[in-house]
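Visitor: Take this structure first; my questions come after.
Residue numbers (our numbering): 13 to 835.
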């Protein structure tokens, strides 16, 4: 090596031997080292900058696939950071999003498996945004994961266990939802995922399979999101239901490790009711509906296998309820329900149930005990705010305070609705119902029994639809002015292929009833009304009726029968049992609708008085008439007994008395018969009065009477003592025309009577017989207008005048006389 002379000594130093350096030499060497170090660091920086700029320029052109060796190292690092499970990656690339600072790793064919190798998730493509800071220290910390095109399967096996599979498999998963969520929770709790904010997925193929029902729902192009915050792992997934234009399902699965439970909640829109009915036995009743349903379902699954309460909120849109293939559907506008199902007790509790239908609205709360498999529901509900508006029944909605309902709904094997008891309450109304509805071939079989303890007539009619038993209701509304209905029992039976049968029975108290539109009302009535199909029977146990100006007539025991209430203006048959004063009964018969004495001058006052008990029958149509029905049209007949009869007017100026008389009435004749006394003369006979517009205006009394001097004197015919003695019988006919004095015709054979005319030397012994015919014009000035007397040895024809006021024989005028053979 070349030697360089030292400037200070001028001496050279041997090669390879460092002389002792002076201060100037050291300074020069330090400046050299720093020079080369600065150039080295600067060059390295420029190199790193160039690499970085080059990498940045490369990533701006698109993702860059990482070498296999680097991929294996990153996969190993990620896999080592997972304390539970295994990770495998097919391909790996790095990308830098536009405007982004943190790099994004792209992974393809990513698979997660359990420690035992069972697959738990498979993702065709993943984009993982990394935290840039830890990368410089060789650590990989994902902050966000994006998944595209993966498969997700949520299923329920035949035993009712829920499984979640992220591997895209088509068969049932081998672990349950809680297990899957627990393992995911443990995996994402690893330090490598400390910075992870969320996992999102798009383009998912979501499958929801139910082995218990055999149904599968699929959602194409679903989206999902997985987050873990404050110890809670949440997976949400949802999308539009495949094959449906408007239906959407969103599912949230929440894992709470501290509580050792997993919650599954589903929010859905416009699902078919029948699809939702298969989710749980508690919802099987939805299978009866054909309507879209929106709402929310949620339940909890414990790590120990327990299933928590099912919480449901349902909003059922416009649709219909099908109670059988051959029955008409029941339409509704909306149904809302909020409920909780306890699987341990199998009780479904409704905190709210709301029905809005064209014919019925109500709000309810209650519960239903669910049979295993959801085949039947034993329910109790309390209804409020009830509005009933059945089509064609009320002119406006009928508002009812509330109701309590106990029923059993059986879905299989045959649809049955058993109404154990329903109580409707509204003000004073307390109505109780029970019944059965059963689906049969051809339609529904219905049995319904309704009872009301007691209610006034006006209130009952206000609840009685106008189209139900329309004829009966119409008659009651028009003819019952007041009443208390007690023990009201209504029954309805119907079956496919047959006409419905109906029965109604009720007791009537405090009744004011006008059985005929033109007639007077029955007051203080009581009795029973019965309806068998269309046959109506009204039986009175109490009641009185009074004609114009008359007193009350007791009509207890009377009946009215309407053979067919369906007919407007139906014919009614009356059987009237009447008891009362004769004048009151006659006043009743003389008034509308009978008016038996309207065609003449005979009046109840003229006939007399007494006590009467009668039974009358007639028929009439329950309709308004422009002209009153005639007695013949009504077919009026009556039979009765008059007791204690007294009349001072039927026979002018004569007293008629009877202890008992029999009365018969037909449309054209009234007949009274029996034993009586006419002005003290005992007689037995019959009084007749023709009825009708064309009948003669007269009445006739035909009788057999005692004939003696006192009796004739009572009739105003006073005979001398020498003329007549003894007692016999005479046949009388008393004609009583309207407006003029009557005429009495008498005939006798003189049996038991002795006659004597001393001036002629003629007499008739009591044992002998003869003939008497006399006609007497009654009135204030009675007169014997015709007299014929025949006996052995005597024939006489003539007339006689009587003294005014019954003073006896005034003058006898003989027109023809034959006495013996000499005169």
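By construction, the Cβ of each residue, glycine as well, lies at the ideal position given by its N, Cα and C atoms.
For residue 205 and residue 285, what's the separation of their Cα atoms in angstroms?
Guide: If you take the alpha carbons of residue 205 and residue 285, they lie about 42 Å apart.
Visitor: Count the other CB atoms, across all protein chains shown, that sit within 10 Å of the CB of residue 141; report buried if there are 16 or more and exposed otherwise.
Guide: Classification for residue 141: buried.
Visitor: With DSSP collapsed to three states, give me the class of residue 485.
Guide: Helix.
Visitor: Shortest alpha-carbon distance to residue 719 belongs to which of 450, 704 and 785?
Guide: Nearest of 450, 704 and 785 to residue 719, Cα basis: 785.
Visitor: Mind checking whether residue 158 and residue 173 have CB atoms under 7 Å apart?
Guide: Cβ atoms of residue 158 and residue 173: not closer than 7 Å.
Visitor: Residues in its own chain within less than 6 Å of residue 496 by CB, not counting five upstream and five downstream?
Guide: Counting only Cβ-Cβ distances below 6 Å, and skipping sequence neighbours, we find 468, 521 and 522.
Visitor: What first and last residue would you give for the beta strand (DSSP E) that runs through residue 671?
Guide: Start and end: 668-678.
Visitor: For residue 734, count neighbouring C-beta atoms within 10 Å of its own C-beta (all shown protein chains included) and say buried if the count is 16 or more, exposed if not.
Guide: By the neighbour-count rule (16 or more Cβ atoms within 10 Å), residue 734 is not buried but exposed.
Visitor: Pull the bridge partners of residue 737 from the DSSP assignment, please.
Guide: DSSP, once it has assigned bridges, lists 766 as partnering residue 737.
Visitor: Thinking residue 362 and residue 378 are a contact (beta carbons under 8 Å), I'd like their distance in whole angstroms, please.
Guide: Rounded, the Cβ-Cβ distance is 5 Å, consistent with contact.
Visitor: Is residue 624 near residue 603, with beta carbons less than 7 Å apart?
Guide: Not a contact, by the Cβ cut-off of 7 Å.
Visitor: Within its chain, find whatever has a CB closer than 8 Å to the CB of residue 403; leave out the 5 residues flanking it on each side and keep chain order.
Guide: So the qualifying residues of the chain are 370 and 371.
Visitor: Under 6 Å Cβ to Cβ from residue 307, same chain only, skipping five residues before and after it: list those, please.
Guide: So the list reads 325, 326 and 327, once near-sequence residues are dropped.
Visitor: Among 707, 90, 699 and 405, whose alpha-carbon lies nearest the alpha-carbon of residue 880?
Guide: Missing from the structure shown is residue 880; the chain here goes from 13 to 835 and no further.
Visitor: Using only the alpha-carbon positions, how far apart do residue 581 and residue 405 sit?
Guide: Between residue 581 and residue 405, the C-alpha separation is close to 21 Å.
Visitor: Based on the DSSP secondary-structure assignment, which residues constitute the bridge partners of residue 825?
Guide: Answer is 811.
Visitor: Using only the alpha-carbon positions, how far apart do residue 578 and residue 470 sit?
Guide: Their backbone Cα atoms lie some 22 Å apart in a straight line.
Visitor: Give me, in chain order, the residues of the same chain whose beta-carbon lies closer than 6 Å to that of residue 847; leave out the 5 immediate sequence neighbours on both sides.
Guide: Any property of residue 847 remains undetermined from this structure, which presents the chain solely from 13 to 835.
Visitor: I need the straight-line Cα distance from residue 702 to residue 687, nearest angstrom please.
Guide: Approximately 21 Å between the Cα atoms of the pair.
Visitor: Using the beta-carbon count (16 or more within 10 Å), is residue 770 buried or exposed?
Guide: That one is exposed.
Visitor: Can you give me the start and stop residues for the alpha helix (DSSP H) that residue 478 sits inside?
Guide: No alpha helix (DSSP H) contains residue 478, which DSSP labels as neither H nor E.
Visitor: Express the C-alpha separation of residue 490 and residue 729 in angstroms, rounding to a whole number.
Guide: Approximately 59 Å between the Cα atoms of the pair.
Visitor: So what does DSSP say about residue 403, is it helix, strand or coil?
Guide: Here residue 403 sits in coil by DSSP.
Visitor: Using the three-state DSSP reduction, which class does residue 384 fall into: helix, strand or coil?
Guide: Helix.
Visitor: Residues in the same chain with beta-carbon distance under 6 Å from residue 807, minus the five sequence neighbours each way, listed in chain order, please.
Guide: Counting only Cβ-Cβ distances below 6 Å, and skipping sequence neighbours, we find 830.
Visitor: In this structure, does DSSP put residue 446 in helix, strand or coil?
Guide: Correct three-state label for residue 446: strand.
Visitor: With H, G and I counted as helix, E and B as strand and the rest as coil, what does DSSP make of residue 5?
Guide: No answer is possible for residue 5: the residues shown for the chain start at 13 and end at 835.
Visitor: Can you give me the C-alpha to C-alpha distance between residue 329 and residue 262, rounded to a whole angstrom?
Guide: Going from the Cα of residue 329 to the Cα of residue 262 covers about 19 Å.
Visitor: Excluding the 5 residues preceding and the 5 following residue 802 in the sequence, name in chain order all residues of the same chain whose CB lies nearer than 6 Å to its CB.
Guide: So the list reads 782 and 783, once near-sequence residues are dropped.
Visitor: For the region 211-264, which segments carrying the beta strand (DSSP E) assignment without a break, of at least 3 residues, lie completely within its bounds, in sequence order?
Guide: Here the runs fully enclosed are 227-241 and 244-252.
Visitor: Check whether the region 741-754 touches the region 660-674, counting contact only when three or more Cβ pairs, one atom from each stretch, lie closer than 8 Å.
Guide: Yes, they touch.
Visitor: Provide the residue(s) that pair with residue 714 in DSSP beta bridges, ordered along the chain.
Guide: Answer is 698 and 745.
Visitor: Could you tell me the distance, in whole angstroms, from the CA atom of residue 822 to the CA atom of residue 787?
Guide: When rounded, the distance between both Cα atoms is 16 Å.
Visitor: For the beta strand (DSSP E) that residue 107 lies in, which residues bound it at each end?
Guide: Start and end: 103-107.
Visitor: For residue 562, which residues from the same chain have a beta carbon less than 7 Å from its beta carbon, with the 5 sequence-adjacent residues on both sides left out?
Guide: Result list for residue 562: 595, 596, 599 and 600, in chain order.
Visitor: Any idea what DSSP makes of residue 59, helix, strand or coil?
Guide: No answer about residue 59 holds up, because its pLDDT of 43 lies below 50 and its placement is not dependable.
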